[in-house]
Ligand code: GLT
Ligand code: MN
Ligand code: MN
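Residue numbers (our numbering): 162 to 553.
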């Protein structure tokens with residue numbers, strides 16, 4: 162029986178900036194070991210359903226919308242129909258991207274394939290996909306280099322590959338400017354899968370690479386929860402570093418158990434505390450970008466399970482957002498944070514050589530007292546856990 166949409170404090174609305182990919186809710190459940198378990202949903206139907214659930218937008222790869230072998234006439238009619246569905250539902254297209262991983266031609270990578278013709282084809286495909294995204298007003302353009310990598314280092318010169326990757330992004334930045342597209346490019350790091358090892362595997366690798374580009378200002382990051390969690394990293398640390406560098410252009414939310422394949426589970430379904438600290442970081446930092454759910458329903462599910470998954474992703478985010486407000490309103494938590502704040506502020510929160518050189522050179526420290534004092538993190542963490550468990 163279809164569930165009715167509940168209207169309460171956790172009802173998603175477009176202003177919450179929740180988005181899904183056509184490939185996420187449209188995921189038919191195919192995996193390396195088994196066939197699809199759900200029928201393919203049309204882009205227009207997906208848009209209608211997402212609009213009804215309160216999502217802000219929908220994102221796509223070129224081939225999620227226009228199949229690889231579509232004729233020009235087919236492309237036009239698909240575009241027309243999709244535009245109609247967007248208009249009727251009010252759903253926006255804030256982000257677009259290119260499928261540079263599905264076609265066998267990309268088996269050795271796209272921008273970093275050892276075959277120069279493949280590299281040029283990847284650039285052409287991306288130019289056309291950028292055109293398509295712009296037809297729907299996309300502002301962010303994601304680069305997930307799923308096939309950029311290796312299984313063996315015997316056949317690839319990674320130093321050369323980095324240069325090819327850079328050339329491609331420089332080229333496409335110029336294309337965006339020349340066309341007046343004004344895209345913001347967002348690189349999405351991932352350590353592995355589908356390649357044995359993927360280039361630019363972490364937020365840090367990607368960040369360093371961005372500053373070697375011709376136009377670093379145009380390029381930022383699209384980090385994904387699952388991709389850092391696969392490697393056992395603390396995702397919110399990477400996101401914080403990206404925010405501090407003004408490079409958080411987009412974010413992919415989902416859930417993942419460390420050390421496994423890329424699970425792309427419903428946001429909040431695995432590590433609640435990590436998810437809470439992530440929502441807290443996004444909300445407290447004033448991040449204004451999209452909250453994109455790059456995840457899909459369990460393979461066990463039928464279509465109803467897909468919409469339960471989508472509604473649940475947004476609902477959990479809003480519940481955690483409320484918990485963030487409760488954290489800020491909790492007197493004991495705030496008292497402990499206040500004490501920490503005092504310690505951090507005296508005798509000066511930030512130092513500089515010009516202002517502090519003499520003072521620090523000659524400062525006398527009460528090391529005995531400093532060595533003895535704890536930080537009360539046990540109590541703070543317990544209070545956080547109690548708050549999340551509903552015991553506060
Ligand atoms: C693919 C991948 C994701 C990327 C998408 C964008 S495609 O589903 O697993 O992490 O964000 O290309
Ligand atoms: Mn993923
Ligand atoms: Mn992703």
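Ideal Cβ positions, reconstructed from N, Cα and C, are used throughout, including at glycine. Keep in mind that this is a model prediction, so the values were computed, not measured.
Where residue 457 sits in the DSSP three-state scheme: In this structure, DSSP gives residue 457 a state outside helix and strand, which the three-state scheme calls coil.
Contacting residues, own chain, Cβ-Cβ under 6 angstroms from residue 232 (five flanking each side not counted): So the list is empty, once near-sequence residues are dropped.
Ordered list of alpha helix (DSSP H) runs contained in the region 442-517, each at least 4 residues: Counting only runs of 4 or more, we get 464-490, 492-506.
Inside the region 179-264 only - beta strand (DSSP E) runs reaching at least 3 residues: Within the region 179-264, the complete beta strand (DSSP E) runs of at least 3 residues are 179-182, 218-222, 256-258.
The region 344-362 touching the region 297-314, judged by at least three CB pairs closer than 8 angstroms: Yes: the two stretches touch, three or more of their Cβ pairs being nearer than 8 angstroms.
Residues near residue 438 in its chain [Cβ-Cβ closer than 8 angstroms; skip 5 each side]: Cβ contact annotation for residue 438 (same chain, cutoff 8 angstroms, sequence separation greater than five): 397, in chain order.
Exposed unless 16 or more other CB atoms sit within 10 angstroms - verdict on residue 422: Burial check for residue 422: the Cβ neighbour count within 10 Å stays below 16, so the residue is exposed.
Beta-carbon proximity of residue 303 to residue 347, cut-off 7 angstroms: The answer is yes: Cβ separation under 7 angstroms.
CA-to-CA distance, residue 505 to residue 540, given in whole angstroms: If you take the alpha carbons of residue 540 and residue 505, they lie about 19 angstroms apart.
7 angstroms Cβ cutoff met for residue 240 and residue 298: No. Outside cutoff.
C-alpha distance - residue 338 paired with residue 376, whole-angstrom precision: In a straight line, the C-alpha of residue 338 is about 11 angstroms away from that of residue 376.
Closest residue to residue 482 among 441, 454, 463, 282 (Cα-Cα distance): Measuring from the Cα of residue 482, the nearest candidate turns out to be 441.
Boundaries of the alpha helix (DSSP H) in which residue 320 is found, first to last residue: For residue 320, the enclosing alpha helix (DSSP H) starts and ends at 319-339.
C-alpha distance - residue 188 paired with residue 545, whole-angstrom precision: Here the alpha carbons of residue 545 and residue 188 stand approximately 35 angstroms from one another.
Strand pairing of residue 414, partner residues [DSSP]: Residue 414 pairs with 454.
CA-to-CA distance, residue 487 to residue 345, given in whole angstroms: CA-CA distance, residue 345 to residue 487, rounds to 34 angstroms.
Check whether residue 301 and residue 370 have beta carbons under 7 angstroms apart: Result no, Cβ atoms of residue 301 and residue 370 do not sit closer than 7 angstroms.
Rounded straight-line distance, which links the Cα of residue 341 to that of residue 335: If I take the Cα positions, the gap works out to 10 angstroms.
Cβ contact (3+ pairs, closer than 8 angstroms) linking the region 320-329 and the region 268-284: By the Cβ criterion, the region 320-329 is in contact with the region 268-284, since at least three pairs of Cβ atoms, one from each stretch, lie closer than 8 angstroms.
Residue 385 beta carbon near ligand 2 (any heavy atom closer than 6 angstroms): Between ligand 2 and residue 385, a heavy atom-to-CB distance of less than 6 angstroms is present.
Proximity below 7 angstroms, CB of residue 186 to CB of residue 471: Yes, the pair counts as a contact, with Cβ atoms nearer than the cut-off.
The region 284-295 contacting the region 214-233, beta-carbon criterion three pairs below 8 angstroms: Contact between the region 284-295 and the region 214-233 is present, with at least three C-beta pairs closer than 8 angstroms.
Below-7 angstroms beta-carbon distance, residue 318 vs any chain B residue: No chain B is present in this structure, which holds just one protein chain.
CA-to-CA distance, residue 537 to residue 547, given in whole angstroms: Residue 547 and residue 537: Cα-Cα distance of roughly 16 angstroms.
Residue 557 (DSSP reduced to helix, strand or coil): In the structure as shown, the chain starts at 162 and stops at 553, and residue 557 therefore has no counterpart that could be examined.
Distance between residue 229 and residue 316 (C-alpha atoms, nearest Å): Answer to the nearest angstrom: the Cα atoms are 29 angstroms apart.
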